[in-house]
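One rule links them: number in the numbering used here = place in the sequence shown (from 1) + 11. Glycine residues also receive a C-beta, built at the ideal position from the N, C-alpha and C atoms. Each remark here refers to the structure printed beneath this line.
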Amino acid sequence: IKRKDVVPLNKKLCVFLSLIIFTLYLSACSGENAAGNLPKIGVCLYKYDDTYISTVRQALEKDLEGKAILYLNDGKGDQGTQNDQIDLLIQKSVDVLLVNIVDVGAAQTIVDKAKTADIPIIFFNREPDESVIKSYDKARFIGTNAKDAGVIQGEIITRAWEKGNCDKNGDGIMQYVMLKGEPDNPEAVARTEWSIKTVEDSGIKTEELGLQVCNWDTETANRAMEAWLSKFGDKIEFVVSNNDSMAQGAIAALQSSNYNKGDSEKFIPVVGVDATDAAKELIAKGYMSGSVIQDGNAMAEALIAVALNVYNGKDFLEGTEYEYDETGIAVRIPYKPYEGTNE
Ligand code: CA
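This is the structure in structure tokens:
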């Protein structure tokens, strides 16, 4: 009797299990069908641990939810890792590759991989050589314009100057010191030139009291600022820095000499670039006047527009507001000022 009872139970269990498996199979199939209609976008980021890149990543995830299947990859600052990730994405037959390359020197290898697999590739943020992009008709670049950051710095300086209290000696000329990143780095050169050029274009005369190359470094900038303070003291009316790390060093030196501690009498405005967390804090406290930020949301929007165009068989920029620069293969996303009131 016991045995007879057991057999039907097993049969019932069998049917029941089959039903479950069949249902799972059906749902898996339908899931795959639904997914099959969405574009598959492979995204390679040079590293997640970067404020700007993480803004781009979050915006991509948010804006593409339900519209595309995103394959996100953290290159962890290693080109070998990123190469492997790109190989895997090509194996998955993604429809388009968005690549924030670790080492621009490896760009040709990656373009060749994409070209062989006939997958369109859009590089962004870190800029490969123009010739590399041009070696594949389905390759493009989306980045910023080095000049832009300097121009926006100049606009921040001009606004601060026009508010008054900056021209301490009342000679109508802005006496400033410049903290430069590197001697020949294109970003450093453009920021140094265009920040001051923009100020002068707005009708303010300038006089450079000192310029020091500080290799983007806080400590080096700190020493440079200390030396300037002992040499010029109150004659310095503005500190212009190619980035926030150096601006931070300058502010530390200023504060050691009792400047920029919240007392409006003892204040020398400092402006940087990057809108780092440290700079945002200094700006919030009124110790620093402003910075320049790369707009991660605007970058993500451009990437999405271009990637979806490519997926739909359209031309890269068709129906978008974007235009190529003089290279014919690169789109430039503008920087934004950061003065503590935005974001
Ligand atoms: Ca003056």
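Using a C-beta cut-off of 8 Å, the stretch 260–272 makes contact with the stretch 227–235, since at least three inter-stretch Cβ pairs fall below that distance. The Cβ-Cβ distance between T217 and M189 does not fall below 7 Å. By alpha-carbon distance to G339, the top candidate from V115, D123, A150 and L314 is A150.
Exclusion of N84 from the 6 Å shell around ligand 1 follows from its C-beta lying no nearer than that to any non-hydrogen atom of the ligand. Beta-bridge analysis with DSSP links V122 to no other residue. Shown here, G86 sits in coil according to DSSP, grouped into three states, outside any helix or strand. Per DSSP, S275 is not a residue of any alpha helix (DSSP H), being assigned neither H nor E.
DSSP lists V303 as the beta-bridge partner residues of P348. Y346 is positioned such that its CB atom lies closer than 7 Å to that of A160. Where V250 is concerned, the enclosing beta strand (DSSP E) starts and stops at F249 to S252. Its Cα nearest to that of S241, the residue S268 stands out among N226, N111 and S268. In this structure, the beta-carbon distance from P131 to V342 does not fall below 7 Å. Looking at the DSSP output, I80 sits in a beta bridge with K51.
According to the DSSP assignment, I132 belongs to no alpha helix (DSSP H) but to the beta strand (DSSP E) extending over I132 to F135.
Cβ neighbours of M310 within its own chain (closer than 6 Å, five residues either side excluded): V67 and I344.
Going by DSSP, A157 is part of the alpha helix (DSSP H) stretching over A157 to E173. I153 is bridged by DSSP to F135 and V342.
Judged by pairs of C-beta atoms under 8 Å, the stretch 45–60 touches the stretch 311–331, as three or more such pairs exist.
Between ligand 1 and the CB of N176, the shortest heavy atom gap is not smaller than 6 Å. Pairing Q223 with A318, the inter-Cα distance amounts to about 42 Å. Placement of the Cβ of I184 at a distance of less than 6 Å from at least one heavy atom of ligand 1 is found. Scanning I101, T62, L56 and L100 for the CA closest to the CA of V110 turns up L56.
For D95 against Y59, the beta-carbon gap comes to about 16 Å, at or over 8 Å, which does not count as contact. Taking I163 as the centre and dropping the five residues before and after it, the same chain places the C-beta of V303, Y346 and P348 closer than 6 Å to its C-beta, in chain order. The continuous beta strand (DSSP E) containing E219 extends over residues K216 to V224. Distance from the C-beta of E248 to the nearest heavy atom of ligand 1 is below 6 Å.
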